[in-house]
Amino acid sequence: GETNTTHDEL
Amino acid sequence: MNIFRFLGDMTHLISILILLLKIYATKSCSGISLKTQELYALVFLTRYLDLFTDFISVYNTVMKLVFIASSLAIVWCMRNHPLVRRSYDKQLDTFRHYFLLLASFLLALLLHEKFAFQEVLWAFSIYLEAVAILPQLVLLQRSGNVDNLTGQYVFFLGAYRALYIFNWIYRYFIDPHFTRWIACVSGLVQTALYADFFYYYFISWKNNAKLQLPA
C-alpha cells in the first residue's frame, strides 16, 4: 500500500 | 502506473530532449531562460533526495537520475559553453526569480505533508516547479518571435503538466486513498500558466504560421 510519505510520482 | 502518467513522463522527457537537441545542433540557447533552467535543476535536486532513502522502481530511479543530469547539463552549457553562452538573451531574461524561490520556500514551511527536512523540501520543489516556467514565458513574450524548437520545448513541457492532471483524475477514481492536495493544486496552477501559450501555439499550428506571441 501507498504510505503518506512515499512520493511515487516524478 | 497508468497511461496518462507514463505519457506525461514521456512528454517531459521529450521536452528536455528537444531542448538538448536545440542547444547541441544550433550551439545556441537563444529564447531559453537560464533562470527557468536553474530553477528546474533546483526542483529536481530538492525533490529527488528520496533517491537516497526510498526505492520505488528502476523506472523511477532512472528517470530521476536522467532529469537531474540533463537539467544540470543544460545549466552548465548555458553558463560555460563558449558558443552557447554567447547566444543567451541575458538582457531579456530579467524575471526576478529569487522572489519565486523565497515564496516557494515560505509556502513549503507553512504547507507540507509532514514537518520533516525531506518533506518540506519536497513541498518546496512542487511549489517551485509550478512557477519555474514564468521566467521562460516572460522571455518568450519579450522576444516576440519564438523559434521552432523553443516553441516545441514549451509545448511538450505544457503537455506533460496536462497529462499529469489526467493521471490524478484517473488515480482519484481508481485509488480512493489517493489524495495529493499539494501536488494536485500546484499542478493545476502550473498548467494554467501555459493556457496563454497553448492558445497562441494552436493558432499558429492551425494557420500553419510561425509562432508569435503578442507584445
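In order, the protein sequence lines correspond to chains F and X. With the first letter of the first sequence counted as 1, position 7 gets the number 72 in the working numbering; the numbers rise by one all the way through. With the first letter of the second sequence counted as 1, position 32 gets the number 109 in the working numbering; the numbers rise by one all the way through. Cβ atoms here follow ideal geometry from the backbone N, Cα and C, with glycine treated the same way.
Checklist line | Cα-Cα separation, Y241(X) to K104(X) | finding: 32 Å
Notebook entry, point to check: Going by other Cβ atoms of all chains shown within 10 Å of its Cβ, with 16 needed for buried, is K296(X) buried or exposed?
Noted result: Only positions 78 to 292 of chain X appear in this structure, which leaves residue 296(X) out of reach.
Next item on the list: In angstroms with no decimal places, state the Cα-to-Cα distance between L179(X) and M78(X).
Entry: 33 Å
Next item on the list: Let me know the alpha helix (DSSP H) ranges lying completely inside the stretch 179 to 266 of chain X, each 4 residues or longer, listed in chain order.
Entry: 194 to 208, 211 to 220, 225 to 251
Item checked: Contact the stretch 195 to 205 of chain X vs the stretch 218 to 234 of chain X: 3+ CB pairs below 8 Å -> no
Next item on the list: Say whether the stretch 209 to 229 of chain X touches the stretch 250 to 262 of chain X, bearing in mind that this needs 3 or more beta-carbon pairs closer than 8 Å, one atom from each stretch.
Entry: no
Next item on the list: Take every Cβ of the stretch 206 to 215 of chain X, pair it with every Cβ of the stretch 169 to 184 of chain X, and state whether three or more of those distances are shorter than 8 Å.
Entry: yes
Note to self: Quick check on S148(X): buried or exposed, where buried means 16 or more other Cβ atoms within 10 Å of its Cβ?
What the structure shows: buried
Notebook entry, point to check: Since H89(X) is in the alpha helix (DSSP H), which residue starts that stretch and which ends it?
Noted result: 80 to 103
Margin query: Just to confirm before moving on: does the CB-CB distance between L116(X) and L205(X) stay below 7 Å?
Written below: yes
Next item on the list: Could you tell me the distance, in whole angstroms, from the CA atom of S181(X) to the CA atom of L169(X)?
Entry: 23 Å
Check: If S281(X) and L288(X) are in contact, beta carbons under 8 Å, what's the gap, nearest whole angstrom?
Finding: 4 Å
Check: So is D273(X) in contact with chain F if we call contact Cβ pairs under 7 Å?
Finding: no
Notebook entry, point to check: To which residues does DSSP link Q289(X) through a beta bridge?
Noted result: N222(X)
Item checked: Under 7 Å between C-beta atoms of C106(X) and V143(X) -> no
Margin query: Taking CB distances under 7 Å as the criterion, tell me whether M155(X) reaches chain F.
Written below: no
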